[in-house]
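Trainee:
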Amino acid sequence: MTYHVQIKVMPLKDLLDPQGKAVHGGLHNLGLNNIEDVRVGKHITLNINAASEQEAKNAAEDACKKLLANPVMEFYEIEMIN
Amino acid sequence: MKFGVVVFPGSNCDRDMQQSLQNDLGKEVIMLWHKDKDLSMFTTEDCIILPGGFSFGDYLRCGAIARFSPMMQSVIDFANKGGKVLGVCNGFQVLCEAGLLPGTLLQNESQQFVCKNVHLKTNDNEVLTIPIAHGEGRYYASDELLDELQENGQVIFTYCNESGSEDDFCNPNGACRYIAGIRNKAGNVFGMMPHPERATSSLLNNTDGIKVFSILGLN
Numbered sequence: 252m253t254y255h256v257q258i259k260v261m262p263l264k265d266l267l268d269p270q271g272k273a274v275h276g277g278l279h280n281l282g283l284n285n286i287e288d289v290r291v292g293k294h295i296t297l298n299i300n301a302a303s304e305q306e307a308k309n310a311a312e313d314a315c316k317k318l319l320a321n322p323v324m325e326f327y328e329i330e331m332i333n
Numbered sequence: 008m009k010f011g012v013v014v015f016p017g018s019n020c021d022r023d024m025q026q027s028l029q030n031d032l033g034k035e036v037i038m039l040w041h042k043d044k045d046l047s048m049f050t051t052e053d054c055i056i057l058p059g060g061f062s063f064g065d066y067l068r069c070g071a072i073a074r075f076s077p078m079m080q081s082v083i084d085f086a087n088k089g090g091k092v093l094g095v096c097n098g099f100q101v102l103c104e105a106g107l108l109p110g111t112l113l114q115n116e117s118q119q120f121v122c123k124n125v126h127l128k129t130n131d132n133e134v135l136t137i138p139i140a141h142g143e144g145r146y147y148a149s150d151e152l153l154d155e156l157q158e159n160g161q162v163i164f165t166y167c168n169e170s171g172s173e174d175d176f177c178n179p180n181g182a183c184r185y186i187a188g189i190r191n192k193a194g195n196v197f198g199m200m201p202h203p204e205r206a207t208s209s210l211l212n213n214t215d216g217i218k219v220f221s222i223l224g225l226n
């Protein structure tokens, strides 16, 4: 069965995120002054062929640990869709 | 001492490195395609260089995908056996992703790609002028790790001003503790953001890069 997995990868909370800072500045220039903070991350979707939801989740976890996220600068959250 | 220069799709300083080593330092250089994995022509006295550029388009994170190239598996083995490895710019990012060097390189604090000459301080307090060209060169590691790097003498180059001191303007990317280059604990793997290969010819009006190779024991 194919499992759909969504993965959120975000810069660690205490790290300066220059991209978020730049977007924040842009939003201020648009007049959206009530936005206090912006952080920019990645949204990754995977379709995983696995025998069970747990197996799919393990594969996603493996992918995050080995390649999709770098724990020195990022954290990730895995969401199973189906 | 022989040199191998790894070429990834998106490397763009590989030829500069080859020219510099061959023509200016008189070294033997073998170019290594990332899909190959044979390093049998090298001994641990030799050096493998990961050049600058944008391997795999900097997709996902700089250096993250290059780290899984077949040649990188051989380079990791080579380094673990004590062979010398130098990563410059994108090569430094690949070494951090591969776990051969600690820490990581984040987007410049200024959000700008910075391309200019900077001053570097060596551990002997000599000031060198070497060009940089990067958008993600802000060295970052935890405070504990930074302390450890400094205590072990693993910080090999720091950004400084012309007179060799640190000020608000000499750090081009916001790197933690002005760090421009580090080495591993064993002392055989080096990574640096500045480009020594762009400063080894009097025709380019700067030969400080030759000193960098000498300091690293590669010349």
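Those protein sequences? They're chains A and B, same order as listed. The C-terminal residue of the first sequence carries number 333 in my numbering, and the numbering is unbroken. The C-terminal residue of the second sequence carries number 226 in my numbering, and the numbering is unbroken. Note that beta-carbon positions come from the ideal geometry of N, C-alpha and C, so glycine has one too.
1) Counting only Cβ-Cβ distances shorter than 8 Å, please list the residues of the segment 49–80 of chain B near chain A, keeping chain order.
2) For B/LYS123, count the other beta carbons within 10 Å of its own beta carbon; 16 or more makes it buried, fewer makes it exposed. Which is it?
3) Are the beta-carbon atoms of B/LEU112 and B/MET200 separated by less than 9 Å?
4) Using 8 Å as the threshold, is the segment 280–295 of chain A in touch with the segment 24–35 of chain B, meaning 3 or more CB pairs across them?
5) Using a C-beta cutoff of 9 Å, does A/MET314 count as contacting chain B?
6) Out of curiosity, what's the CA-to-CA distance linking B/LYS218 and A/MET324?
7) Just the Cα atoms here: how many angstroms apart are B/PRO138 and A/ASN333?
8) Three-state secondary structure (DSSP) at B/LYS218?
9) In chain B, which residues lie less than 9 Å from A/GLN270 when you measure between Cβ atoms?
10) Using a Cβ-Cβ distance cut-off of 9 Å, determine whether A/LEU278 contacts chain B.
11) Using 9 Å as the threshold, is the C-beta distance between B/GLY94 and B/LEU108 below it?
12) Count the other C-beta atoms from every protein chain shown that fall within 10 angstroms of the C-beta of B/ILE72, then say buried if there are 16 or more, exposed otherwise.
13) When DSSP labels each residue in this structure, what does B/ALA73 get in the three-state scheme?
14) Cβ closer than 8 Å: which chain A residues qualify as neighbours of B/GLU104?
15) Between which two residues does the alpha helix (DSSP H) harbouring A/MET252 extend?
16) Rank B/ASN213, B/GLU158, B/VAL14 by C-alpha distance to the C-alpha of B/MET79 and give the top, closest one.
17) Which value, in whole angstroms, describes the spacing of the CA atoms of B/VAL92 and B/PHE99?
18) In the DSSP output, what is A/GLN257 paired with across the bridge?
19) Would B/ALA193 count as contacting chain A if we go by Cβ distances under 9 Å?
20) Across the segment 35–49 of chain B and the segment 280–292 of chain A, are there enough close Cβ pairs to call them in contact, namely three or more that are closer than 8 Å?
21) Buried or exposed, going by whether 16 or more other CB atoms sit within 10 Å of the CB of A/PRO262?
22) What ranges does the alpha helix (DSSP H) occupy inside the segment 93–123 of chain B, keeping only unbroken runs of at least 4 residues that lie completely in it?
23) Check each candidate in A/ALA320, A/MET331, A/GLU330 and name the one with the smallest Cα separation from A/VAL260.
24) Please compile the residues from chain A whose C-beta is within a distance smaller than 8 Å of the C-beta of B/TYR147.
25) How about the segment 176–188 of chain B and the segment 152–168 of chain B: do they share at least three Cβ pairs that are nearer than 8 Å?
26) Quick check: is the beta carbon of B/GLY144 nearer than 9 Å to any beta carbon in chain A?
27) On the criterion of 16 or more Cβ atoms from any shown chain inside 10 Å, does B/GLN114 qualify as buried, or is it exposed?
28) In three-state terms, what does DSSP make of A/ILE286?
Mentor: From the atom records:
1) LEU67, ARG68, ALA71, ILE72, PHE75
2) So B/LYS123 ends up on the exposed side.
3) yes
4) no
5) Note that residue 314 of chain A is Ala in the sequence shown, not Met. It does not: the Cβ of A/ALA314 has no partner Cβ on chain B nearer than 9 Å.
6) So the two alpha carbons sit approximately 33 Å from each other.
7) 51 Å
8) Shown here, B/LYS218 sits in a helix according to DSSP, grouped into three states.
9) GLN114, GLN118
10) no
11) yes
12) buried
13) Secondary structure of B/ALA73 (DSSP, three-state): helix.
14) ASN321
15) Where A/MET252 is concerned, there is no enclosing alpha helix (DSSP H), given that its DSSP letter is neither H nor E.
16) B/VAL14
17) 10 Å
18) A/THR296, A/GLU330
19) So, not an interface residue.
20) no
21) Buried, by the Cβ-count rule.
22) 97–104
23) A/ALA320
24) LEU266, VAL323, MET324
25) yes
26) no
27) buried
28) coil
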